[in-house]
Amino acid sequence: MVGNNILTFAFLNSLIRMNRLPALGLLLAVFTLSPVVAQTSPTTTTQKATYTNPLPVEFGDPYVLHTQGTYYMYGTGGGAKQGFAAYSSKDMVHWKPEGQVYFHDNKNGWSDPKAKWDGAYWAPEVYEVKGKYYLFYSAQWRVNPTNEVENFRIGVAIADKPTGPFVDLTNKPLFDPGYPVIDANVFTDSNGKMYLYYSRCCYKHAVDSEVARMARQKGWYQEIEESWVYGVELKPDFSGVIGKPVLVLRPPVKLGDKQAEWESRSVTAREVNRRWTEGSVTFKKDNLYYIMYSANHFGGQYYAIGYATATSPLGPFRKAANNPILEKNSDKGGSVTGTGHNSVTYSPDGREMFCVYHGRTAKTGDERVVFIDRMHVKDGRITIDGPTTSPQKLPSGVQAKGNTR
Numbered sequence: 001m002v003g004n005n006i007l008t009f010a011f012l013n014s015l016i017r018m019n020r021l022p023a024l025g026l027l028l029a030v031f032t033l034s035p036v037v038a039q040t041s042p043t044t045t046t047q048k049a050t051y052t053n054p055l056p057v058e059f060g061d062p063y064v065l066h067t068q069g070t071y072y073m074y075g076t077g078g079g080a081k082q083g084f085a086a087y088s089s090k091d092m093v094h095w096k097p098e099g100q101v102y103f104h105d106n107k108n109g110w111s112d113p114k115a116k117w118d119g120a121y122w123a124p125e126v127y128e129v130k131g132k133y134y135l136f137y138s139a140q141w142r143v144n145p146t147n148e149v150e151n152f153r154i155g156v157a158i159a160d161k162p163t164g165p166f167v168d169l170t171n172k173p174l175f176d177p178g179y180p181v182i183d184a185n186v187f188t189d190s191n192g193k194m195y196l197y198y199s200r201c202c203y204k205h206a207v208d209s210e211v212a213r214m215a216r217q218k219g220w221y222q223e224i225e226e227s228w229v230y231g232v233e234l235k236p237d238f239s240g241v242i243g244k245p246v247l248v249l250r251p252p253v254k255l256g257d258k259q260a261e262w263e264s265r266s267v268t269a270r271e272v273n274r275r276w277t278e279g280s281v282t283f284k285k286d287n288l289y290y291i292m293y294s295a296n297h298f299g300g301q302y303y304a305i306g307y308a309t310a311t312s313p314l315g316p317f318r319k320a321a322n323n324p325i326l327e328k329n330s331d332k333g334g335s336v337t338g339t340g341h342n343s344v345t346y347s348p349d350g351r352e353m354f355c356v357y358h359g360r361t362a363k364t365g366d367e368r369v370v371f372i373d374r375m376h377v378k379d380g381r382i383t384i385d386g387p388t389t390s391p392q393k394l395p396s397g398v399q400a401k402g403n404t405r
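Heads up: the sequence shown begins at 1 in the UniProt record's numbering, then just goes up one per residue.
Encoded structure:
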């Protein structure tokens with residue numbers, strides 16, 4: 001509109017020079033046009049106070065760190081080559097790529113980039129402790145005398161900045177439980193103690209259950225492998241663990257368990273002969289411990305999120321009656337599947353809680369992309385307003401600065 005007004009003014013001024021319009025007429029013409037400009041300008045400059053999922057970030061297993069007024073997101077993939085990349089944002093909506101922040105070949109690197117899945121650099125999470133930044137992740141360990149296909153362990157790397165470069169603390173994994181492990185998550189309790197939660201992989205972990213027997217009877221699979229979540233106290237300097245890991249979560253044993261139906265969909269849909277419990281994240285609210293987790297095949301449509309609660313950090317945890325709290329909506333007219341492996345963050349003013357997770361849509365295909373939806377915790381119950389693909393209000397404390405997606 002501004003350009004049009006300038007052209008109009010120039011045209012009228014030319015009429016004056018040609019004596020076809022008195023100068024007073026020009027003034028009247030300009031004032032006559034002004035109300036039109038005033039009415040149309042707000043329409044062209046109004047900023048939308050919304051955002052829309054999915055975000056333009058191609059991460060699996062997204063984790064968000066909020067520090068010094070900036071959000072940093074880490075995840076699996078995102079263009080990183082045998083390592084991890086990061087994005088940054090001031091408002092949780094507009095994300096800027098920060099490039100690769102961890103490289104496997106740092107001076108203390110212990111992983112094997114030539115192993116299956118290009119070394120399987122998965123599920124990074126970054127924590128700030130005393131001005132330093134610690135990256136927990138999983139990868140294939142190069143010490144593999146029995147040539148295991150899945151030889152995952154958990155490592156810890158350190159940096160002076162959230163954008164790295166991160167260097168491994170030592171030239172070996174954090175600890176070796178004797179089986180493949182992934183999906184590290186660290187929780188710091190109010191007394192200062194820190195706990196590591198991780199997932200024991202399904203690999204070579206066949207478990208007898210009523211679900212496994214049913215699958216065998218129906219001729220689907222001869223055995224069902226499972227992944228379980230464990231918790232263990234961490235040493236304050238992240239040099240190792242204290243004591244033995246405690247089993248925290250596992251898939252249901254009995255068919256009559258109300259969690260069995262949704263946690264076994266990858267088996268009953270005959271996607272794969274595995275049941276997962278992975279991608280956990282733990283937090284505490286009103287003296288109650290919550291652990292969120294993902295079940296089913298991470299590459300399938302039934303990947304979904306549930307949670308459990310306990311009165312101590314290592315349990316026993318009780319799974320919630322309203323599970324799953326986030327799952328595909330493609331059977332309800334939506335386009336989102338494979339929702340899972342989440343982290344939790346808060347709006348800039350700290351008033352709203354958000355679930356950050358990955359999913360797939362009809363447009364993204366097999367590529368995992370990031371979603372951020374509001375979550376609520378009240379009276380021991382978690383709910384999530386998602387998955388959404390329609391415009392959502394900006395997080396509280398964010399001022400609209402420009403049109404969002």
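Cβ coordinates follow ideal geometry from the N, Cα and C atoms, glycine included.
Small disclaimer: the values here were computed from a predicted structure and weren't measured.
_Start and end residues, beta strand (DSSP E) containing residue 92_ = That residue, residue 92, is in no beta strand (DSSP E); it is neither H nor E in DSSP.
*Start and end residues, alpha helix (DSSP H) containing residue 216*: 210-217
*Do residue 120 and residue 152 have their C-beta atoms within less than 8 Å of each other?*
Result yes, Cβ atoms of residue 120 and residue 152 sit closer than 8 Å.
*Exposed or buried, which one is residue 218 when buried takes at least 16 other CB atoms within 10 Å?*
With fewer than 16 Cβ atoms within 10 Å of its Cβ, residue 218 is classed as exposed.
*Under a Cβ-count criterion, where at least 16 other Cβ atoms within 10 Å of its own Cβ denotes burial, should residue 228 be classed as buried or exposed?*
buried
_Buried or exposed (CB count within 10 angstroms, at least 16 for buried), residue 117_ = exposed
*Can the beta-carbon of residue 256 be found less than 8 Å from the beta-carbon of residue 246?*
no
*asked:* In whole angstroms, give me the CA-to-CA distance for residue 343 and residue 167.
replied: 23 Å
_Rounded straight-line distance, which links the Cα of residue 187 to that of residue 267_ = In a straight line, the C-alpha of residue 267 is about 31 Å away from that of residue 187.
*What separation, rounded to the nearest whole angstrom, lies between the Cα atoms of residue 333 and residue 362?*
12 Å
*Apart from the five residues on each side of it in sequence, which residues of its chain come closer than 7 Å, Cβ to Cβ, to residue 303?*
Correct list, in chain order: 294, 296, 297, 338, 339, 340.
*N- and C-terminal bounds of the beta strand (DSSP E) containing residue 122*: Where residue 122 is concerned, the enclosing beta strand (DSSP E) stretches over 122-129.
*Can you grab the Cα-Cα spacing for the pair residue 376 / residue 329, in whole Å?*
19 Å
*Cα-Cα separation between residue 398 and residue 68, rounded to whole angstroms*: 15 Å
*Name the DSSP beta bridge partners of residue 157, please?*
135, 168
_Within a Cβ cutoff of 8 Å, which residues of the same chain sit near residue 310, ignoring the five residues on either side of it in sequence?_
288, 289, 291, 316, 317, 318
_Span separating the alpha-carbon of residue 39 from that of residue 395_ = Below a pLDDT of 50, predicted positions are generally treated as unreliable, and residue 39, at 36, falls in that range; the measurement from the model is reported next regardless. The straight-line gap from Cα to Cα measures roughly 29 Å.
*Over the uninterrupted alpha helix (DSSP H) stretch that includes residue 266, give me the two end residues.*
265-268
*Which of helix, strand or coil does DSSP assign to residue 2?*
Residue placement at residue 2 is poorly supported in this model, since its pLDDT is 40, which falls under 50; the coordinates are not used for a value here.
*In angstroms with no decimal places, state the Cα-to-Cα distance between residue 322 and residue 387.*
Just so you know, the alpha carbons of residue 322 and residue 387 end up roughly 16 Å apart.
_Continuous beta strand (DSSP E) stretch holding residue 199: start and end_ = 194-200
*Return yes when the C-beta of residue 64 is under 7 Å from any heavy atom of the ligand ZN, and no when it is not.*
With respect to small molecules bound, the structure shown includes none, and the ligand ZN cannot be examined in it.
_Can you tell me whether residue 49 is helix, strand or coil according to DSSP?_
coil
*Report buried or exposed for residue 145, applying the criterion of at least 16 other Cβ atoms within 10 angstroms of its Cβ.*
In the assembly as shown, residue 145 is an exposed residue. Its beta-carbon has fewer than 16 other beta-carbons within 10 Å.
*Assign residue 278 to one of two classes, buried (16 or more other C-beta atoms within 10 Å of its C-beta) or exposed (fewer than that).*
buried
*By Cβ distance, which residues of its chain are closer than 6 Å to residue 262, with the 5 residues on each side in sequence left out?*
324
*Does the distance from the C-beta atom of residue 102 to that of residue 84 stay below 8 Å?*
Against a cut-off of 8 Å, the Cβ pair of residue 84 and residue 102 comes out as a contact.
*Cβ of residue 124 within 8 Å of Cβ of residue 82?*
no
_CA nearest to the CA of residue 100, picked from 129, 109, 74_ = The candidate whose alpha carbon is nearest that of residue 100 is 74.
*asked:* Taking the straight line between their C-alpha atoms, what separation do you get for residue 88 and residue 66?
replied: 10 Å
*On a CA-only basis, which of 92, 156, 94, 143 is nearest residue 106? Give me that one, please.*
156
_As assigned by DSSP and simplified to three states, the class of residue 330_ = helix
_Residue closest to residue 209, alpha-carbon to alpha-carbon, out of 252, 237, 169, 202_ = 252
*Of the listed residues 213, 128, 111, 57, nearest to residue 172 (C-alpha basis)*: 111
*asked:* Would residue 197 and residue 161 be called neighbours here (beta carbons separated by less than 8 Å)?
replied: Result no, Cβ atoms of residue 197 and residue 161 do not sit closer than 8 Å.
*Could you tell me which residues DSSP pairs with residue 141 in its beta bridges?*
111
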